[in-house]
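Participant:
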Amino acid sequence: MSPTPDPGLRRSDGALDSRLSGNHGTLAGQPSSYTPAPGRRFNVGDRVRVKRSFPPGHRRTPSYVRGKAGEIERVCGAFPNPEELAYGFDGEPKKVLYRVRFAQKDVWPSYGGPEQDIIEMEIYEHWLEPA
Amino acid sequence: MAHERVDYYAAKKHAHDHGDHVHDEHAPLNEHDNGPPSDFEIMSRAMQEILEAKGVVTADEIRARMEQFEEDFPYRGSRLVARAWTDPAFKARLLADGKAACAEMGIDLEVDRLIAVENTPEVHNVIVCTLCSCYPRALLGMPPTWYKSRNYRSRVVFEPRAVLKEFGTELPDNVTVRVHDSNADMRYVVIPMRPAQTQGWSEDELADILTRDTLVGVTVPHATRS
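Chains A and B supply the protein sequences, listed in that same order.
The C-terminal residue of the first sequence carries number 274 in the numbering used here, and the numbering is unbroken.
The C-terminal residue of the second sequence carries number 326 in the numbering used here, and the numbering is unbroken.
1. Along the chain, where does the beta strand (DSSP E) that runs through B:Asp-313 open and close?
2. Using alpha carbons as the reference points, say which of B:Glu-266, B:Asp-208, B:Glu-222, B:Lys-265 lies closest to B:Leu-239.
3. How many Å lie between B:Ser-178 and B:Arg-237 at the Cα?
4. Counting C-beta neighbours from all protein chains within 10 Å, is the total for B:Met-143 16 or more, i.e. buried, or is it exposed?
5. Using a Cβ-Cβ cut-off of 7 Å, state whether B:Met-286 counts as contacting chain A.
6. Spell out whether any CB of chain B is found under 7 Å from the CB atom of A:Glu-268.
7. Taking buried to mean at least 16 other C-beta atoms within 10 Å of its own C-beta, is B:Asn-251 buried or exposed?
8. Kindly identify the DSSP beta-bridge partner or partners of B:His-280.
9. One question on the structure: do B:Leu-214 and B:Arg-287 come within less than 7 Å of each other, judged by their Cβ atoms?
10. How is A:Lys-211 classed by DSSP in three states: helix, strand or coil?
11. When you check each C-beta in the region 244–263 of chain A against every C-beta of chain D, which residues fall closer than 7 Å?
12. Is there a Cβ from chain B that is less than 7 Å from the Cβ of A:Leu-271?
13. Strictly below 9 Å CB to CB, what residues from chain B border A:Phe-197?
14. Just tell me which of B:Met-147, B:Ala-284, B:Glu-266, B:Lys-191 has its CA closest to the CA of B:Gly-317.
15. With distances taken Cα to Cα, identify the nearest neighbour of B:Ser-233 among B:Gly-268, B:Leu-306, B:Tyr-247.
16. Could you tell me which residues DSSP puts in a beta bridge with A:Val-191?
17. How is B:Leu-194 classed by DSSP in three states: helix, strand or coil?
18. For B:Phe-258, decide whether its Cβ has a neighbour in chain A, counting only Cβ atoms nearer than 7 Å.
19. What does B:Asn-251 touch in chain A if you count any residue whose Cβ is under 9 Å from its own?
20. Beta-carbon of B:His-280 versus every beta-carbon of chain A: anything under 7 Å?
21. Inspect the CB distances between the region 220–227 of chain B and the region 270–278 of chain B and report whether three or more fall short of 8 Å.
22. For A:Trp-270, which residues in the same chain have their Cβ closer than 7 Å to its Cβ, ignoring the five residues on either side in sequence?
23. Hey, out of B:Ile-291, B:Trp-185, B:Pro-244, whose CA is closest to B:Gly-300's CA?
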């Protein structure tokens, strides 16, 4: 796949890395090739908070990260909504999927490791709000 | 009963249908490490027994099908990463688009999107799926039992350094531990650091030390010729 000119699809602009823990030595500045999502709400580096919500049903948002704030690490693209697919629907409209980076200390207040440790996961747009 | 409730519909509907076979990538887990079998496991066994009793399938056919899966999706990650170690341009393409880089090597990931993450002197990556057992099966074959265990899934996100230490991987505090929860549509592979002593090794020799655990990030490769 050819590189996309969409700057929002670029990973880590450096600011992201330096705020959390310095250089992560990965992909910086390289274009991501994942499905563009032109109508999306967030871009790489945006601060976001995962909604603190506990609805029933099939959810791919881990409970331990609900209510926590992090930063968009990359835009993965738009995918059929797994919350609908799980019950036999077609998953339309597709939802934009992001990878969000969190400081471990923000996710687990009692985290025992060094300050700079991080955890990243995939969160669908409708679970995110600006932080 | 102590065993966990199973969302059977979620598992069923989330399976990836590939025409002649279905991958239950988000299937609920069998807790192999402790406790009684899950509802899902009991249901599966009961169904198999009924189908065998009615003469629809034989136990041998089921065993053969499981074997076929192993053949369809063998462990191919070592070749991929050995190439990335020896070819910087390929590594860059792998980091930019894992699926396309796999396709270059004739590895069809089917539905999977692959994100490759690179270990460096500053960062160590480790992969988990806390919700079930998402794993790049088309690249790495079937996930190991420990990957699916509740112990690993619940602890590696919260105390990754302690879990890594149990695998024999002790990391100094100045190395960032970067945990990836493979919780939705992406799949992950770790590109470990190439040991300095492997200069001049062939791709085959390098592939030998790129074990499955090194590509999940729980261990690191060592320059030990087999």
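By construction, the Cβ of each residue, glycine as well, lies at the ideal position given by its N, Cα and C atoms.
Facilitator: Looking at the atomic coordinates:
1. Counting along the chain, B:Asp-313 falls outside any beta strand (DSSP E), though it belongs to the alpha helix (DSSP H) covering 312–316.
2. B:Asp-208
3. 13 Å
4. Per the 10 Å Cβ criterion, exposed.
5. yes
6. no
7. Classification of B:Asn-251: exposed, given that the 10 Å Cβ count is below 16.
8. Looking at the DSSP assignment, B:His-280 forms a beta bridge with A:Glu-263, B:Ile-227.
9. yes
10. coil
11. This model lacks chain D altogether, as its protein chains are A and B.
12. No, A:Leu-271 lies away from the interface with chain B (no Cβ there is under 7 Å from its Cβ).
13. Residues of chain B passing the Cβ test: none, with the nearest at roughly 15 Å.
14. B:Glu-266
15. B:Tyr-247
16. A:Gly-213, A:Pro-273
17. helix
18. yes
19. By Cβ distance, chain A contributes nothing, its closest Cβ being about 16 Å from B:Asn-251, past 9 Å.
20. Yes, because at least one Cβ of chain A sits closer than 7 Å to the Cβ of B:His-280.
21. yes
22. Residues of the same chain with a CB within less than 7 Å of the CB of A:Trp-270, apart from the 5 flanking positions on each side, are Val-193, Lys-194, Thr-204 in chain order.
23. B:Trp-185
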